[in-house]
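S.K.:
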Amino acid sequence: MRIILLFTLLLLSQAGKGQQRFFVDKASVSFFSDGVIEDIAAENNKVTSIFDAGEGEIAYLMNIKDFQFEKKLMQVHFNEKYMESEKYPKASFQGKIIGLNTTATGVQQVKAIGKLTIHGVTRDVTFPGTAEIKNNQLSLKSKFTVKLLDYNIKVPQIVWQNIAQQVEVTVDFNYRPL
-5 MRIILLFTLL LLSQAGKGQQ RFFVDKASVS FFSDGVIEDI AAENNKVTSI FDAGEGEIAY
55 LMNIKDFQFE KKLMQVHFNE KYMESEKYPK ASFQGKIIGL NTTATGVQQV KAIGKLTIHG
115 VTRDVTFPGT AEIKNNQLSL KSKFTVKLLD YNIKVPQIVW QNIAQQVEVT VDFNYRPL
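Counting from -5, one number per residue, gives the positions in the sequence shown under our numbering.
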């Protein structure tokens, strides 16, 4: 609910200022865990995001249950045993994109600095990424590692050796102007 309020406030606070704002047109957040017995991968294509290029402010929100797995049993275990999706239904990021030149062409190296909330835990983070503005569209991409313990995600002792203690997260957002 707090993130929805943030989206609304961000939109309203910038109304009429002439700043270039973008809303996600197509988004994907995926993760990959290199397991000893089996790799685990999932993708969420139902991510909501807004980006204010003038201020560099970005926010995104996703439902944990929207992650899709190749094997449905993995999805059930992910939601029930690890992410506790009923108790912690959403993940979010709010912060700034640093290093974006909105008048430049080509791919630019940027970084995201802000607060990442997963499993009810909010941490300050900095992630590397790329940005590209082409034909009035904005693309933001990033790949980073999340440690499960940093977000109090517990792995049952019986499978401790089989599941990686960190996951590689890939963010791929394509925005359109508001």
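Built from N, CA and C at the ideal position, the CB exists for glycine as well. None of the values given here were measured: they were computed from a predicted structure.
Under 8 Å Cβ to Cβ from Tyr169, same chain only, skipping five residues before and after it: list those, please.
M.R.: Taken in chain order, the residues that qualify are Phe16, Phe17, Val18, Asp19, Ser43, Phe45, Gln131, Leu132, Ser133 and Leu134.
S.K.: Using only the alpha-carbon positions, how far apart do Ser27 and Asp118 sit?
M.R.: Cα to Cα, the separation comes out at about 22 Å.
S.K.: Which runs of the beta strand (DSSP E) fall wholly inside the region 81 to 121 and span at least 3 residues, in chain order?
M.R.: Segments of the beta strand (DSSP E) lying fully in the region 81 to 121: 84 to 92 and 101 to 112.
S.K.: Grouping DSSP H, G and I as helix and E and B as strand, with all else coil, what is Val163?
M.R.: The answer is strand: DSSP assigns Val163 an E or B state.
S.K.: With a threshold of 6 Å on Cβ separation, who are the neighbours of Tyr76 within its own chain once the five nearest residues in sequence on each side are excluded?
M.R.: Excluding residues within five positions, the ones whose Cβ falls inside 6 Å are Ile147.
S.K.: Could you work out which residue in Phe61, Leu172, Phe167 and Leu143 is closest to Gly123 when comparing CA atoms only?
M.R.: Measuring from the Cα of Gly123, the nearest candidate turns out to be Phe167.
S.K.: In or out: Ala9 buried (at least 16 other Cβ within 10 Å) or exposed?
M.R.: For Ala9, the predicted model reports a pLDDT of 47, less than 50, meaning its position is unreliable; a value from the coordinates is still stated below. The residue is exposed, with fewer than 16 neighbouring Cβ atoms inside 10 Å.
S.K.: Exposed or buried, what is Leu6 when buried is set at 16 or more other beta-carbons lying within 10 Å of its beta-carbon?
M.R.: Residue placement at Leu6 is poorly supported in this model, since its pLDDT is 46, which falls under 50; the coordinates still yield a value, given next. Answer is exposed; the Cβ neighbour count stays below 16.
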